[in-house]
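According to UniProt numbering, the sequence shown holds residues 1 to 650 in order.
Glycine is no exception: its CB is placed at the ideal position from the N, C-alpha and C atoms.
The next block holds one structure in the form of structure tokens; read it before the comments.
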Amino acid sequence: MARPTRRRTTRSTAHIDPEPKADSPHSSATSVSDVTKPARADDDRCPACKNENVEDLASIKKENWIRCDACRAWFHWRCLNESGDLDTIDKWFCTSCQEQDPSRTKTLKPPARKSTRKKLAHDYANMHTGLSSSDPNRWLNMLQGKSIAKDHFKRLNGEQVNLDWVNGDPDGFREPVVIEEPEGLGMKMPGRDLSIESIADTLGRDTPVEVIDVASQSNSPGWTLGKWAGYWSTESASRDKVRNVISLEVSGTKLADEILPPRLVREMDWVEKYWPNNKKGPGQVYPKVQLYCLMGVAGAWTDWHIDFAGSSVYYHILRGSKVFYFIRPTPSNLAAYERWSGSDVQSHTWLGDMVDNVVKVELSEGNTMLIPSGWIHAVYTPIDTLVFGGNFLHSYDVAIQLRVREIENVTRVPKKFRFPFFTKMCWYVGERYLRDLKAREEFSERILQSLDALAGYLVLEARALERGPEASKREAREQLPSDKVKDASAVARELRWRVKLASGDFSDDEDDDRLTRNHEQSSAYKRKREERNSPESCQDPISTFRHFQPKIWDGVSSEVIVSQQKSRTRSNFEEERWMDAWLDWNKELLGSAEDGVAVNRKRHVVVKVRRTAKGLERHRVERVIEEWDWTSPPNRLNNLLADEDSHMDF
């Protein structure tokens, strides 16, 4: 909807035309220069004019005017004796109108939004080769002749995409996965006939929306959903530019009621699982990144990027098609991306030339794709396409998420384009896992590795609170959820200590590395840790803990034994009370000689000793983990051990 002009620059000799009719009672934020001034008295007076001002009018070539948003009277800006830049004013009221209604106050325009990309000088080399910065097809032209590999990513049914897949498959959710039909995903989406006009009507046609100019990969200001709907309905050949909408988040709207992310996403999502429920919902401030509506017209291109904080993505094509280009997040590829995204070569250098491999994935209407943490990708839109998707952090790849966060810091990504409340989210997650570890809940090796990285990050935040510069302390305090974390130092350091214990590192030392766990299955493995025979050797590292003191031991030793053997055991799971037999730890399970089974056993033994006032205290903790495998072929078992019938004495 058009808005009236409320600031004018006039020439003293200009012809006087009547003021145009206003379409809205609100003032416009857009200034108009060198146009005729509004109708006024023939002597060029304004209500605030003084005699000496009128005498000076003839000597002034240009005069700035401003209109009151209440009475609509026009004033010379210089007659008002107000400070500030006229172009920064959003709403203004004259003195008389302010006296009538004190709620009427002058307001300023919000600062213009800027793209995260650096503004570059004209690239004459690219202009010479035909890669004009104003050509939206220059990204595709850059692709010509490049080596692009066809993807070999998994195609799964919706029922297969679950936590059992992530936990049981060593490669589970480490690569993008495509689900061609939505059935079985536990997902809800609007009907495929949903129109852009309907979206604009549901969310409000005056709702601001960030629109990307594809040619420059920068934001185009001043767009609303109503204006975007009109642009979308224009024939492709008649559109002035190729544009893209990729950041319209719809949580808390009527449209959000029609969207439900896939079941696996909801089961992994940190915001869903760990952000307090009483701090989510209408009127609450929390990370709203789960429900995005993406609208791209034919020819749109989103250049290489990693989703904020390395978050994972679910992506469902309601209508249209997309072409993805992926780069695996290896250390060298992430380093190349960091160099590329933080330099002036972004707009004319193909990132694929700086990495080991680029993989192409084509998606069509009805397809859903899950993108793991940290994958670098670019996206092309062949035809007008409507997509719903969202971002989520999770506990399976925290190290990559933190690496991307580091890249964002190095390349100085503005706060607006980062995962909202990232550090506060990490505190909520760390506090919850600490409670779970205290309750002796067991976690997979993959999650423990992630928690190790998370704990390290939280310890750094705790150190900033303890002894960082004042600005760092202030920022760290703002991100600390005081409703859950009362003592950041204790929570962070105890979490790291308990993660080490759960991972097999029985040391109380804050900086000890975890024990090596990649042992050969076919042989026994034994490792003794260095004994510490003096109290001082145990106390020094412990002193770095704040408000959390594990017991100080005079000596600690640990032993790990890993073995594999063939055993004879009961294998009939059809028995009604089979579980009772397996839960009786003090009974040896025996079966027929034909029931050959591979038994992988890992035994952890830790012994700690210290002097007490009455004598000494000795802790001996033993943990035995067994994996029984009836699926191994007999000849493989024969090769594992020379003596098939031998049993190790535990």
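Query	Result
Given Leu-264 as reference, the closest of Ser-312, Val-297, Tyr-380 and Val-161 once Cα atoms are compared	Val-161
Contained alpha helix (DSSP H) runs [length at least 4] in the region 270-358, N- to C-terminal order	270-274 and 331-341
The beta strand (DSSP E) enclosing Asp-213, as first and last residue numbers	211-213
Close Cβ partners of Pro-420 (< 6 Å) along its chain, the five nearest in sequence each way excluded	Pro-287
Helix, strand or coil at Ala-73 [DSSP, three-state]	coil
In chain order, each beta strand (DSSP E) run of at least 3 residues that lies wholly inside the region 362-441	368-371, 376-380 and 385-392
Secondary structure of Glu-617, DSSP reduced to three states	strand
Cβ distance (whole Å) where Thr-368 is taken to contact Tyr-314 below 8 Å	7 Å
Residues of its chain near Ile-400, where Cβ-Cβ distance is below 7 Å and the 5 sequence neighbours each way are ignored	Gly-310, Pro-329, Ser-373 and Gly-374
Through-space distance from Lys-254 to Glu-622, alpha-carbon basis	56 Å
Cut-off 6 Å between Cβ atoms - residues of its own chain near Phe-422, not counting five sequence neighbours on either side	Ala-309
Segment contact flag, the region 403-417 with the region 264-277, C-beta cutoff 8 Å, min 3 pairs	no
Of the listed residues Ala-476, Ala-453 and Val-285, nearest to Ser-251 (C-alpha basis)	Val-285
Which residues DSSP lists as bridging Lys-608, in chain order	Val-556 and His-619
Nonlocal neighbours in the same chain, by C-beta distance under 8 Å from Gly-390, ignoring five residues either side	Pro-261, Val-265, Val-289, Gln-290, Leu-291, Tyr-292, Val-313 and Tyr-314
Straight-line gap, Asp-452 to Asp-487 (C-alpha atoms, nearest Å)	19 Å
Straight-line gap, Ala-476 to Ile-306 (C-alpha atoms, nearest Å)	25 Å
Nearest-angstrom Cα separation, counted from Arg-467 out to Asp-171	41 Å
Cα-Cα separation between Asp-384 and Arg-601, rounded to whole angstroms	57 Å
Boundaries of the beta strand (DSSP E) in which Lys-91 is found, first to last residue	89-91
Nonlocal neighbours in the same chain, by C-beta distance under 8 Å from Ala-492, ignoring five residues either side	Gly-430, Ala-455, Leu-458, Val-459, Glu-461 and Ala-462
Close Cβ partners of Pro-282 (< 7 Å) along its chain, the five nearest in sequence each way excluded	Gly-252
Which listed residue (Ile-561, Glu-626, Ile-552 and His-604) has its alpha carbon closest to that of Thr-612	Ile-552
Cβ-Cβ distance between Gln-217 and Asp-303 below 9 Å	yes
9 Å Cβ cutoff met for Tyr-380 and Lys-438	no
Residue closest to Lys-91, alpha-carbon to alpha-carbon, out of Gly-342, Ala-73 and Cys-68	Cys-68
Simplified DSSP assignment, three categories, for Ala-462	helix
Run of the beta strand (DSSP E) containing Val-245, from where it starts to where it stops	243-249
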